[in-house]
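Data first, discussion second: the structure below is written as C-alpha cells.
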Amino acid sequence: MGHSEEPLSQHAAGARRVLFADALGLPLTSLRRYQPWPPPSPESPPEVLPPAGQLPPAPYLLPGFVLPAPGQGEPERLARLRRAMVELEEVLAPGPAEPWLLRGTVRVLNVAYRKAVHVRASRDRWRSYRDHPARYVPGGSPDGGLSDRFAFSLPFGPGQQQEEEEEGAEARLDFVIRYQTDAGVYWANNQGKNYSVVMKGLAPPQGSPKPSGRIPL
1 MGHSEEPLSQ HAAGARRVLF ADALGLPLTS LRRYQPWPPP SPESPPEVLP PAGQLPPAPY
61 LLPGFVLPAP GQGEPERLAR LRRAMVELEE VLAPGPAEPW LLRGTVRVLN VAYRKAVHVR
121 ASRDRWRSYR DHPARYVPGG SPDGGLSDRF AFSLPFGPGQ QQEEEEEGAE ARLDFVIRYQ
181 TDAGVYWANN QGKNYSVVMK GLAPPQGSPK PSGRIPL
C-alpha cells in the first residue's frame, strides 16, 4: 500500500511576505518618556542594617538596688543569712540569645530539708503579679551545706518594652523573694523597698560603664 503525502498547510506552502510599518501607515519610530525615581524623603531615612554576622545591640539593665560586694566572703554572707534567712545573691545581665530574660541566684540558710523558693514578680508595678519557682542548684553552695543556692529566671516579655515606651515609660520588673520551710516563711524584699530592674532597649551611650555578665549592684 503506497504512502500518500499529507497536504501542507497554507502557512507552510505559501510564500512569505515581509511588511514594514510605514507600508501599513504606522510610524517607524516611537518615543517613550520615563519618570526618574523620586529622591528619598528626609522624614523616612533608609533602614540601617548591622554588618553581616553582627547582632543588633542587646537590651541592658538599670537595677534600682545595691547588692553586697562579692569580695566580702562567705562568713559575712552566713552572718546575714542567720539574721534574714534568705537574700538575693546576684542578678545576671541578659544574654544575646535571650535578651528578654532576667536571671539571678538566691541564697538561703539551710534550716530544713524540705524547702521552696519562689520569686514574686510584677510587670505593672504590683497591679498584678506572678510567683515563679526557683530551681535548686546541686552543689552550688561553697560553705559545705550551711546554705543552699537557688536559680531563677524572670521574663520581661518581648512586647512589654514597645508598649510601655509608647506611654513614656520603660519595661520594668519589680520582685521579691519568698523562702518557705516547715519552720516558717521568710522574705527578701530589699528592706521593704522591693527589688526593681528597668530594661533599656538600646546600648548605653559611649563613655557609660557597660554591665558585665554579673551586674555589680
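The UniProt record's numbering applies: residue 1 is where the sequence shown begins, and numbers increase by one.
C-beta: ideal position from N, C-alpha, C; glycine also.
These numbers were taken from a predicted model, which means no experiment stands behind them.
- Under the criterion of beta carbons closer than 8 Å, Gly64 and Val197 qualify as touching, at roughly 7 Å.
- Residues of the same chain with a CB within less than 7 Å of the CB of Asn110, apart from the 5 flanking positions on each side, are Gly145, Leu146, Ser147, Asp148 in chain order.
- Under DSSP, Tyr136 takes part in a beta bridge, and its partners are Phe150.
- If you look at Glu74, you'll find it in the alpha helix (DSSP H) that goes 74 to 84.
- The count of Cβ pairs closer than 8 Å, one atom from the region 84 to 95 and one from the region 132 to 142, stays below three, leaving the stretches out of contact.
- For Gln180, the enclosing beta strand (DSSP E) stretches over residues 171 to 181.
- Residue pairing for Trp187: DSSP places it in a beta bridge opposite Arg178.
- At the C-beta level, Ser141 and Leu101 stay beyond 8 Å of one another.
- By DSSP's assignment, Ser122 forms a beta bridge with Asp174.
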